[in-house]
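Counting from 326, one number per residue, gives the positions in the sequence shown under the numbering used here. Built from N, CA and C at the ideal position, the CB exists for glycine as well. A quick note: this is a predicted structure, and the numbers were derived from the prediction, not measured. Here the structure is laid out as structure tokens; the discussion comes afterwards.
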Amino acid sequence: MQTETRTFTDKLWLVLKGLAMGAANKVPGVSGGVVAFVAGFYEEFIYSLQKINGTAFRLILNGRFRSFWQYINGKFLGLLILGMLISYFSISLLLDIAIKNFPLLVWSTFFGMIIGSIYYIGKDFENWSRRNITVLVLGIIVGVSISLLEPAQENDNLLFVFFCGIIGVSGMTLPGLSGSFILILLGNYVLLLVDSVNALYITLIDIITLDFSFVDNPEQVRLIKVLLVFSAGSLTGLVTLSHFLGFLLKHYKQTTNAGIIGFIAGSLGVVWPWKEEIFKKDFKGDILIDRNGNAVLDNYDRYLPSEMNMENVLAVFFILLGIFLVVALGKYGDKTRANG
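Here's what the structure looks like:
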């Protein structure tokens, strides 16, 4: 694990990588773990999270904060998390707007990025044993199966929200498994990644302007409470999943990589660019609306483009752009590992 002194440029790149991970996790079907894997810091990320254990907590209890920070590779994790936090209040908001106004081009870009990720991760994989091929196929089947599941309805029960945090953070630690898409299936994507984040943003502005009237707003307080519980679940999920994945990487690295390639390949169905949203309807044929006024998503109707008009030509261009971005990022990751 890389723990040597980092230059200012290295620190800036870590923030940007965290920013990219946060943005990727926000998009249904895309995994922030893919960014970590391709950019060359996935194993350091997992092994650093593993350090958040009993020893780390004993260091805190004994007041040895500097030792704790060094033990968990705090500079690395802190800069990544800083980038993710910045992302949730900047790029993630821009992505929401882009997906709403230019869905085909956004999905095309991410579709290309996933294809590029499959190429990058698979190009040096040579251990195609029967076991690894089986794990690869199972990963593809699981990824495709998840994309075909029907989403549940929103549920703000705090115990369920905590569970959503544990499951939703999987996209950071397991490349190819989209945490945001899992939240759609659990029915809580809008609640946890849109409404509660917006409520936090509004609350922070209120606090900065010394306006504390939000404490009398039950809806705003509810959303902040939901976000706090979701964050606690996410932290729990990060630590527990990292220990499990660290064990797999240490003892079954090639098989784990085969499964990751399968997960990523299976997620292509989620981000297929040419698709339309299907919403749930009641027995009268009316679209169901949740408590926040949002239409309840059922699944996607995927189709092939019937003609190569300008919009579809642009979509193909953005697919190629996505592939190029990931390959370029992968080469940078290779260079980083070679120099490190």
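- If you look at residue 391, you'll find it in the alpha helix (DSSP H) that goes 390 to 396.
- Ranked by Cα distance from residue 598, the first of 436, 344, 638 is 436.
- Here residue 398 is buried: its Cβ has 16 or more other Cβ atoms, across all protein chains shown, within 10 Å.
- At the C-beta level, residue 591 and residue 515 stay beyond 9 angstroms of one another.
- Looking at the DSSP output, residue 557 sits in no beta bridge, so it has no partner there.
- Here DSSP, grouped into helix, strand and coil, assigns residue 381 to helix.
- Out of 493, 420, 534, the CA that lies nearest to the CA of residue 554 is found in 493.
- Taken in chain order, the complete alpha helix (DSSP H) segments of 4 residues or longer contained in the region 329 to 373 are 333 to 351, 357 to 364.
- In this chain, the alpha helix (DSSP H) harbouring residue 412 covers 399 to 413.
- With a cutoff of 9 angstroms on beta-carbon distance, residue 377 and residue 564 are scored as near each other.
- Within its own chain, the residues whose Cβ lies closer than 6 angstroms to the Cβ of residue 648, once the five positions on either side in sequence are excluded, are 437, 440, 441, listed in chain order.
- If you check the CB distance, residue 400 and residue 336 come in under 9 angstroms.
- Taking every protein chain shown into account, the CB of residue 537 has fewer than 16 other CB atoms within 10 angstroms, so this residue is exposed.
- Note on the region 486 to 557: whole alpha helix (DSSP H) runs with a minimum of 4 residues are 495 to 498, 504 to 510, 521 to 533, in chain order.
- Counting only the Cα atoms, residue 386 lies some 24 angstroms from residue 370.
- Taking all protein chains in view, the Cβ of residue 633 is surrounded by fewer than 16 other Cβ atoms within 10 Å, so the residue is classified as exposed.
- Partner residues in the beta bridge of residue 620, as assigned by DSSP, are 614.
- Boundaries of the alpha helix (DSSP H) harbouring residue 432: 428 to 447, taken from the DSSP string.
- The count of Cβ pairs closer than 8 angstroms, one atom from the region 541 to 559 and one from the region 570 to 587, stays below three, leaving the stretches out of contact.
- Selection 434, 456, 403, 374 evaluated against residue 643 yields 434 as nearest (Cα-Cα).
- Here residue 393 has 381, 384, 385, 399 as same chain residues with Cβ atoms under 8 angstroms from its own Cβ, once five neighbours each way along the sequence are excluded.
- Sixteen is the threshold: since fewer than 16 other Cβ atoms of the shown chains lie within 10 Å of the Cβ of residue 388, the residue is exposed.
- The way I'd put it, the region 576 to 593 does touch the region 496 to 514; three or more beta-carbon pairs between them come closer than 8 angstroms.
- The shortest C-alpha to C-alpha distance from residue 520 to any of 474, 366, 418 is the one to 418.
- Residue 345 sits buried, since 16 or more C-beta atoms from the chains shown fall within 10 Å of its C-beta.
- Contact between residue 495 and residue 574 is absent: CB atoms are separated by about 16 angstroms, not below the 8 angstroms threshold.
- A distance below 9 angstroms separates the beta carbons of residue 509 and residue 353.
- The C-alpha of residue 549 lies about 10 angstroms from the C-alpha of residue 523.
- In the displayed model, residue 474 falls within coil according to three-state DSSP, outside both helix and strand.
- Between the C-alpha atoms of residue 584 and residue 530 there is a straight-line separation of about 43 angstroms.
- 349 is the residue among 349, 333, 450, 338 whose C-alpha sits nearest the C-alpha of residue 596.
- Of the candidates 638, 420, 396, 456, the residue whose Cα lies closest to the Cα of residue 347 is 420.
- Residue 332 counts as exposed, since fewer than 16 other C-beta atoms from the protein chains shown sit within 10 angstroms of its C-beta.
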